[in-house]
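Have a look at the structure below before the remarks.
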């Protein structure tokens, strides 16, 4: 399979992956031909990239990080929480979260297990969904990324559980934000953005009153938009004033935001999203956390076309775990040999990836 921008796919291409909605219902089946109408629908729904079948890359696989069953369970649990929160009073919030606490802990435990058994660096591009509820998918993605960082930093089982629940609930305050602002397809006005920023405080106020929820989980909702140099919100705190978990979730949150498909903005590729994090390392984000994240994710996902520093062009075939910027490449064009061949960038140290072609 090859990862291709939906803007450049020609009608008649064959879909290389099944596309679901957020309930796990198949919308587009793997192997179907993509018509111009279907391609336009994908673009209208903010789907920037999909995998298509290609003869030279037919053996390349994009493996999902977590199972469809776990994704569906997580999404439904989060939907139940957000639905019940909407319009309910603060007293009722306690019963909603107490009822879901055990299920959230179980979900986090399963996600940790599936990340550990995944065997490759993490890429969420294998999981493409048509969804009308960005927050649900975002919450799950941020949880997966946060737990990957936490594992790379050698957090213990209890810390990973707290971090995972904090990540799942980090945007819980958005359940109380006006839907016209929350789902606005364009840029928010200054006034609307000030309202949006209150989701951190509202989320904290919901979570800190729950006997079944750890105080540090409440601070994940409160502090995930704080930044090391004090430029974040809601309080503008700095450095070690920000809880470890909130710093981790802040990194995961920004990465998923810039690499996710949105109706009003094309998603960045993972290598571009990582550049955003590195640009903010030291000032905005903890550099060690960014490094831990880099060592956990597939910067160049399987199936993405790349150009190398010696001008050879190829496709990423497999990942070298913990050397995420040095994958195995199938060379398709080198100006000399007509037959495709593979090189391992963990061994070809003088060769670098200089560009992604989508």
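In UniProt numbering, the protein residues as written are 1 to 358.
Built from N, CA and C at the ideal position, the CB exists for glycine as well.
Through-space distance from residue j to residue i, alpha-carbon basis
i	j	result
residue 138	residue 346	32 angstroms
residue 334	residue 313	7 angstroms
residue 74	residue 81	11 angstroms
residue 331	residue 271	20 angstroms
residue 230	residue 343	44 angstroms
residue 308	residue 327	12 angstroms
residue 10	residue 25	26 angstroms
residue 235	residue 226	8 angstroms
residue 28	residue 50	11 angstroms
residue 169	residue 35	39 angstroms
residue 63	residue 144	14 angstroms
residue 171	residue 350	43 angstroms
residue 4	residue 358	5 angstroms
residue 136	residue 7	26 angstroms
residue 233	residue 44	32 angstroms
residue 273	residue 200	23 angstroms
residue 218	residue 204	5 angstroms
residue 150	residue 78	22 angstroms
residue 337	residue 214	60 angstroms
residue 56	residue 30	18 angstroms
residue 72	residue 240	36 angstroms
residue 260	residue 142	11 angstroms
residue 212	residue 1	45 angstroms
residue 251	residue 70	23 angstroms
residue 85	residue 220	18 angstroms
residue 118	residue 66	8 angstroms
residue 310	residue 294	24 angstroms
residue 300	residue 321	12 angstroms
residue 303	residue 319	11 angstroms
residue 20	residue 41	14 angstroms
residue 237	residue 173	20 angstroms
residue 256	residue 266	13 angstroms
residue 133	residue 76	12 angstroms
residue 258	residue 341	33 angstroms
Beta strand (DSSP E) segment containing residue i, residue limits
i	result
residue 330	328-333
residue 28	26-28
residue 52	49-52
residue 343	341-344
residue 20	19-21
residue 357	353-357
residue 227	Looking at the DSSP string, residue 227 is not in any beta strand (DSSP E), and its letter there is neither H nor E.
residue 4	2-5
Residue i - containing alpha helix (DSSP H), residue span
i	result
residue 271	270-280
residue 222	215-223
residue 42	36-44
residue 80	68-85
residue 289	287-294
residue 256	244-259
Cβ-Cβ distance between residue i and residue j below 7 angstroms
i	j	result
residue 53	residue 12	no
residue 190	residue 224	no
residue 166	residue 245	yes
residue 48	residue 298	no
residue 305	residue 315	yes
residue 146	residue 248	yes
residue 296	residue 152	yes
residue 176	residue 202	yes
residue 269	residue 356	yes
residue 33	residue 60	no
residue 104	residue 210	no
Any non-hydrogen atom of the ligand FMN closer than 6 angstroms to residue i Cβ
i	result
residue 37	Looking for the ligand FMN in the displayed structure turns up nothing, as the structure carries no ligands at all.
### Message
Give the list of continuous beta strand (DSSP E) stretches no shorter than 3 residues that lie fully inside the segment 300-331.
### Response
305-308, 313-318
### the segment 153-172 / the segment 99-118 touching (three or more Cβ pairs under 8 angstroms)
yes
### Query
Are three or more beta carbon pairs between the segment 275-294 and the segment 178-190 nearer than 8 angstroms?
no
### Query
Where in the segment 161-203 do unbroken runs of the alpha helix (DSSP H), each at least 4 residues long, occur, reported from the N-terminal end onward?
179-182, 190-197
### 4-residue-minimum alpha helix (DSSP H) runs that sit fully inside the segment 110-160, ordered along the chain
134-152
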